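Notes to accompany the following structure.
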Amino acid sequence: MINNAGIASIGPLEISPLEDIKKQLDVNIVGIIAVTQAFIPLLRQSRGRLLNIGSICGFMPSPFYGVYPASKYALESISDLFRFELRPWGIDVSLIQLGPVESPLFEKIGKQVEDLETSLSSEKQNLYSDFFEMMHRWRDNNFQDGLPKLSTEAAVSKIIYALTTSRPKSRYFVAKTSVKIWSMIRFLPDWILDAILREQMYQAGIEKTKINLETVEENKQNLAKVH
């Protein structure tokens, strides 16, 4: 059984419509649990396998992606729970941590962000003008954001392997090698991770003010003291 259903409605949390947030959580979390509950008796009879399709957003901070990353963080926990709880019946549970993949999803996100912008007051549009300008550039650049995307065929091939191997792992990180290397920043202290993400947002046009160099130097000194 493969749980692949999921929807994304991105944007700053402050201006994300609550109805969109509820819909995402209903599909991305509640829906997965409901469908899995319905099929567990069949999985138990056949000693089948459960595969959940997650995302790199489930373990990497993703500012301005709305509640979508929260739903993927939750899926990480849900997969762990099912893996432990279904083990007595020989049901293997694996999670695919999917990186960027070539998909029409990005075009849908672009349209969704345009609708979000037009629904806001002029005050809110002005407050988040940097975000919307960045999204317009992303759209005009054919949704290329600097992170290399895996082809659909390559992603499917790895998913099939996870579903058919005799000794499945609990997690499979499916992404380009460069994305896997970049994701290692998640193991850094929060203040360093925040600095990196802020610099990325600055380069994207989100942060108007660069990181204060004195603060960076102070953080380096603090890190040196730890060692």
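Quick note on our numbering: the sequence shown kicks off at -1 and runs consecutively. Glycine included, every Cβ here is placed at the ideal spot set by N, Cα and C. Note that the coordinates shown come from a computational prediction; the quantities given were computed from them, not determined experimentally.
Among the residues of its own chain, which have a CB less than 6 angstroms from the CB of residue i, if the five just before and after it don't count?
i, result
"W87", "R42"
"I30", "N1"
"F130", "E115"
"P15", "none"
"W180", "none"
Just curious, the alpha helix (DSSP H) that residue i is in, first and last residue?
i, result
"I30", "G29 to S44"
"L84", "Y66 to L84"
"N124", "S120 to L125"
What's the gap between the Cα of residue i and the Cα of residue j?
i, j, result
"Y170", "Q110", "30 angstroms"
"E115", "S60", "20 angstroms"
"D113", "S7", "11 angstroms"
"Y126", "G4", "26 angstroms"
"A72", "S44", "27 angstroms"
"L84", "L49", "13 angstroms"
"S164", "T34", "22 angstroms"
"S168", "S119", "45 angstroms"
Near residue i, which residues of its chain fall below 8 angstroms by C-beta distance, leaving aside the five closest residues on each side in sequence?
i, result
"E100", "K147, L148, S149 and T150"
"L195", "P59 and P61"
"L11", "G64 and V65"
"L191", "P59, I183 and R184"
"L186", "I194"
With residue i as the anchor, note down where its beta strand (DSSP E) starts and where it stops.
i, result
"Y170", "R169 to V172"
"D90", "D90 to L96"
"I19", "Segment L16 to L23 is the alpha helix (DSSP H) holding I19; no beta strand (DSSP E) there."
Which residues does DSSP list as the beta-bridge partners of residue i?
i, result
"Y63", "G9"
"V251", "A question about residue 251 goes unanswered here, because the residues of the chain that appear run from -1 up to 225."
"I179", "Partner(s): none; I179 has no beta bridge."
"I54", "Its beta-bridge partners do not exist; DSSP assigns none."
Excluding the 5 residues flanking residue i on each side, which residues of the same chain have their C-beta closer than 7 angstroms to its C-beta?
i, result
"A68", "none"
"K174", "G97, P146 and L148"
"S176", "P146"
"G9", "F62, G64, V111 and L114"
"F80", "T34, L48 and V91"
Hey, does residue i have any beta-carbon neighbour from chain B nearer than 7 angstroms?
i, result
"V111", "Although the question refers to chain B, the structure presented lacks it and comprises just one protein chain."
Task: At least 3 beta-carbon pairs within less than 8 angstroms: the segment 60 to 71 vs the segment 2 to 19 - done: yes
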